[in-house]
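Engineer: Numbering-wise (this note's numbering), the sequence shown opens with residue 824 and increments by one. Okay, handing you the structure first.
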Amino acid sequence: MGRVVFLFLLFLQVLGSAHSRCFCQVKGELDDCACDVETIDSFNNEQLFPKLQTLLESDYFRFYKVNLNKPCPFWAADSHCGLRNCAVKPCSPNEVPEGLRSSPHSKYSAEANKEQLDECEKEKHLGAVDVSLSEETQEALLDWRKHDDEAERFCVIDDEESPDSQYVDLLLNPERYTGYNGPEAWQIWTSIYEENCFKPFTIKRPLNPSSFQSSSGIDARTFYSWLEGQCVEKRAFYRLISGLHASISVHLSARYLLNDSWYQSKWGHNVSEFRQRFDSDLTAGEGPKRLRNLYFLYLIELRALAKVLPFFKQPSFRLYTGRPEEDQKHKELLLDILQLARSFPLHFDETSLFAGDEKEAAKLKEDVRLAFRNISKIMDCVGCFKCRLWGKLQTQGLGTALKILFSERQIEALPHSRGQRPSFQLSRQEVISLLNAFGRISTSIKELNTFRSLIGEEMT
Ligand SMILES: *[C@@H]1O[C@H](CO)[C@@H](O)[C@H](O)[C@H]1NC(C)=O
Ligand SMILES: *[C@@H]1O[C@H](CO)[C@@H](O)[C@H](O)[C@H]1NC(C)=O
Ligand SMILES: *[C@@H]1O[C@H](CO)[C@@H](O)[C@H](O)[C@H]1NC(C)=O
824 MGRVVFLFLL FLQVLGSAHS RCFCQVKGEL DDCACDVETI DSFNNEQLFP KLQTLLESDY
884 FRFYKVNLNK PCPFWAADSH CGLRNCAVKP CSPNEVPEGL RSSPHSKYSA EANKEQLDEC
944 EKEKHLGAVD VSLSEETQEA LLDWRKHDDE AERFCVIDDE ESPDSQYVDL LLNPERYTGY
1004 NGPEAWQIWT SIYEENCFKP FTIKRPLNPS SFQSSSGIDA RTFYSWLEGQ CVEKRAFYRL
1064 ISGLHASISV HLSARYLLND SWYQSKWGHN VSEFRQRFDS DLTAGEGPKR LRNLYFLYLI
1124 ELRALAKVLP FFKQPSFRLY TGRPEEDQKH KELLLDILQL ARSFPLHFDE TSLFAGDEKE
1184 AAKLKEDVRL AFRNISKIMD CVGCFKCRLW GKLQTQGLGT ALKILFSERQ IEALPHSRGQ
1244 RPSFQLSRQE VISLLNAFGR ISTSIKELNT FRSLIGEEMT
């Protein structure tokens, strides 16, 4: 009972006192307040999205080092090399800016050294790239590598030094509809929801594609009353996962393969696909709930960005690619974006999470952390490489956001930890995934607007 009251308090806090008029409909049940949605929409679509897009196109952020060849630890997974749209094209060594190939032992440097670059290539390289590291940067790189506090991580990070880890250019491998669907794709989400969201097997998830739909009304009622009874942390956890699922579904509907003839592939918005996933009538009321979870996820990640500002403000932090002018410009843009995130008025108050009895709270935090880590491992079971890439990136990004939210004290202590081991660190992979994952959610919010107008047009 205490937990339920706690839940109400949380939602009142989430919704913020200054903006309570927007949230007049909050009654413990999640509201569907258009006003709130509009605040987020205009903040995101007009202010944040365009800047973030520019940042994510920079070399520092577009190259993500990932191991797509880890075996699935849970079951025998098929890979879908056969599906053309599932393929991921890793970068050839020359495509990755020299400054990013940080380790002399990395595959790329080794290959690059062996490789006979033609003269023209060589010139281009030498002209464009400053490979000399300033002392400060060397220090920073060293810090990055030293950093190994797994204990604070909410997800499993690939070993960047592993020969199986490769740089992928995210701009050349966009997240979009791949045709990866049906039972295998469901298995991923089913194992996430069924085995990793604290849900007992007896409670059926509404609209579970692998169960019969006939009983879904009863399922939904049982499910939501179960969820209401959960503590706020587990409930928030479920909403984050559901929000992530919704976000990915929005992307796939917005970049649907509309025409696939042998000489051209055309991707674009598919309103009917969108409706099948989110229309209230077609989803027995589930769609709008999923979209609200998407906004919840947005608020959580936005909050993390606002909180992590002191880390990125440190002079020793550089978006190091080896081109000092660009690096500086992009760092300024990043700080600008984080300031903008700070200025957003409707922030989620995570201090109420894990705030109960200290021992119980610590246990709960550990449960949530382990469940989330496990979900990040399930991403290695996604058969379609393209989906695996984006699934890994987005779960890592969310895991990093959670790590930030629960490291507030360490982040605030940063300016005072000069000369000592930094109290808080993020690896390059965490930085890339944090910003790119938020970029995906920001894109979803923007795409929702597009779908709203497309559906509006259809109605008239
Ligand atoms: C991790 O996920 C797998 C697959 O869903 C599940 O079988 C396993 O029980 C989970 N492990 C933990 C520790 O939650
Ligand atoms: C796909 O595009 C080709 C060429 O533009 C066109 O001839 C064909 O009718 C299109 N197919 C569909 C299903 O729209
Ligand atoms: C849109 O998606 C639906 C499935 O939801 C599919 O049947 C239809 O062919 C798609 N439309 C186009 C133009 O590809």
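Where a beta carbon is used, it is the ideal one built from N, C-alpha and C, also for glycine.
If you draw a straight line from the alpha carbon of Y1086 to that of F1097, how long is it in whole angstroms?
Structural biologist: By one-based count along the sequence shown, residue 1086 stands at place 263. By one-based count along the sequence shown, residue 1097 stands at place 274. Cα-Cα distance, rounded: 27 Å.
Engineer: If we ignore side chains and look at the alpha-carbon of each, how far apart do C1054 and P1023 end up?
Structural biologist: Taking the first residue of the sequence shown as position 1, residue 1054 is located at position 231. Taking the first residue of the sequence shown as position 1, residue 1023 is located at position 200. Distance between the alpha carbons of C1054 and P1023 is about 14 Å.
Engineer: Quick one: grab the DSSP three-state call for I1264.
Structural biologist: For the purposes of this step, residue 1264 is taken as the residue at position 441 of the sequence shown. Three-state DSSP puts I1264 in a helix.
Engineer: Taking the beta carbon of G922 as the centre, do at least 16 other beta carbons fall within 10 Å, making it buried, or is it exposed?
Structural biologist: Within the sequence shown, the letter at position 99 stands for residue 922. Per the 10 Å Cβ criterion, buried.
Engineer: So V1205 is in the alpha helix (DSSP H); what residue range does that whole segment cover?
Structural biologist: Reading the sequence shown from its first residue, position 382 is the one you call residue 1205. Note, V1205: premise wrong, no alpha helix (DSSP H); not H, not E.
Engineer: Does DSSP put Y1003 in a helix, a strand or coil?
Structural biologist: Residue mapping note: residue 1003 aligns to position 180 of the sequence shown, counting from 1. Y1003 falls in the coil class under three-state DSSP.
Engineer: Regarding F897 and ligand 1, is the C-beta to nearest heavy atom distance less than 7 Å?
Structural biologist: By one-based count along the sequence shown, residue 897 stands at place 74. Yes - ligand 1 has a heavy atom lying nearer than 7 Å to the Cβ of F897.
Engineer: Should N1004 be counted as a contact of ligand 3 given a C-beta to heavy atom distance under 7 Å?
Structural biologist: If you number the sequence shown from 1, residue 1004 lands on position 181. No; taking the cut-off as 7 Å, the Cβ of N1004 has no heavy atom of ligand 3 nearer than that.
Engineer: Within 10 angstroms of the Cβ of N1082, are there 16 or more other Cβ atoms? Answer buried if so, exposed if not.
Structural biologist: Indexing the sequence shown from 1 puts residue 1082 at position 259. N1082 comes out exposed.
Engineer: Here's a check: name, in chain order, each residue in its chain whose Cβ is nearer than 8 Å to the Cβ of F1247, leaving out the five neighbours to either side.
Structural biologist: The count along the sequence shown starts at 1 and reaches residue 1247 at position 424. Only F1134, S1230, Q1233, I1234, A1236, L1237 meet the Cβ criterion.
Engineer: Who are the near neighbours of N1116 in its chain, counting only those whose CB is closer than 7 Å to its CB and skipping five residues on each side?
Structural biologist: Locating residue 1116 in the sequence shown gives position 293, where the first residue counts as 1. Closer than 7 Å at Cβ, skipping near neighbours: R1062, S1065, G1066, A1069.
Engineer: Kindly indicate the opening and closing residues of the alpha helix (DSSP H) around N996.
Structural biologist: Counted from its first residue, the sequence shown places residue 996 at position 173. First-last for N996: undefined, no H or E at that position.
Engineer: Bridge partners for Y1079 per DSSP, in chain order?
Structural biologist: The residue given as residue 1079 occupies position 256 in the sequence shown. Answer is G1091, bridged to Y1079.
Engineer: Is the CB-CB distance between H1092 and T1266 below 8 Å?
Structural biologist: By one-based count along the sequence shown, residue 1092 stands at place 269. By one-based count along the sequence shown, residue 1266 stands at place 443. Cβ distance not < 8 Å, so H1092 and T1266 don't count as in contact.
Engineer: Let me check understanding here. Comparing Cα to Cα, which of R976, L1156, L1142 lies closest to P920?
Structural biologist: Residue mapping note: residue 920 aligns to position 97 of the sequence shown, counting from 1. Cα-wise, what sits closest to P920 is L1142.
Engineer: Applying the 10 Å Cβ sphere with the 16-neighbour rule, what's the burial state of G950?
Structural biologist: As a position in the sequence shown, residue 950 is number 127, starting the count at 1. In this prediction, G950 scores a pLDDT of 28, lower than 50, which makes its location untrustworthy; the coordinate-derived value is nonetheless stated afterwards. So G950 counts as exposed.
Engineer: Leaving out five residues before and five after L1137 in sequence, what residues of the same chain have Cβ atoms less than 7 Å from its Cβ?
Structural biologist: For this step, residue 1137 is matched to residue 314 along the sequence shown. Correcting the residue type first, residue 1137 is Gln in the shown sequence and not Leu. The answer, listed in chain order, is L1237.
Engineer: One question on the structure: do V991 and L1258 come within less than 8 Å of each other, judged by their Cβ atoms?
Structural biologist: Position 168 of the sequence shown holds residue 991. Position 435 of the sequence shown holds residue 1258. Result no, Cβ atoms of V991 and L1258 do not sit closer than 8 Å.
Engineer: Report all residues from its chain with a CB closer than 6 Å to the CB of S1072; omit the five preceding and five following residues, and keep chain order.
Structural biologist: Counted from its first residue, the sequence shown places residue 1072 at position 249. Within the same chain, S1072 has close Cβ partners R1100.
Engineer: Would DSSP call W1009 helix, strand or coil?
Structural biologist: To locate residue 1009, count along the sequence shown from 1; it is residue 186. Residue state, collapsed to three classes: helix.
Engineer: I need the straight-line Cα distance from I1278 to A1260, nearest angstrom please.
Structural biologist: Your numbering for residue 1278 matches position 455 in the sequence shown. Your numbering for residue 1260 matches position 437 in the sequence shown. Going by the C-alpha atoms only, they are around 27 Å apart.
Engineer: Sort L1216, K1130, C1207 by Cα distance to T1174 and report the nearest one.
Structural biologist: For this step, residue 1174 is matched to residue 351 along the sequence shown. Out of L1216, K1130, C1207, K1130 has the C-alpha closest to the C-alpha of T1174.
Engineer: Roughly how many whole angstroms lie between the Cα atoms of I1268 and A1224?
Structural biologist: Walking along the sequence shown from the start, residue 1268 turns up at place 445. Walking along the sequence shown from the start, residue 1224 turns up at place 401. Distance between the alpha carbons of I1268 and A1224: 18 Å.
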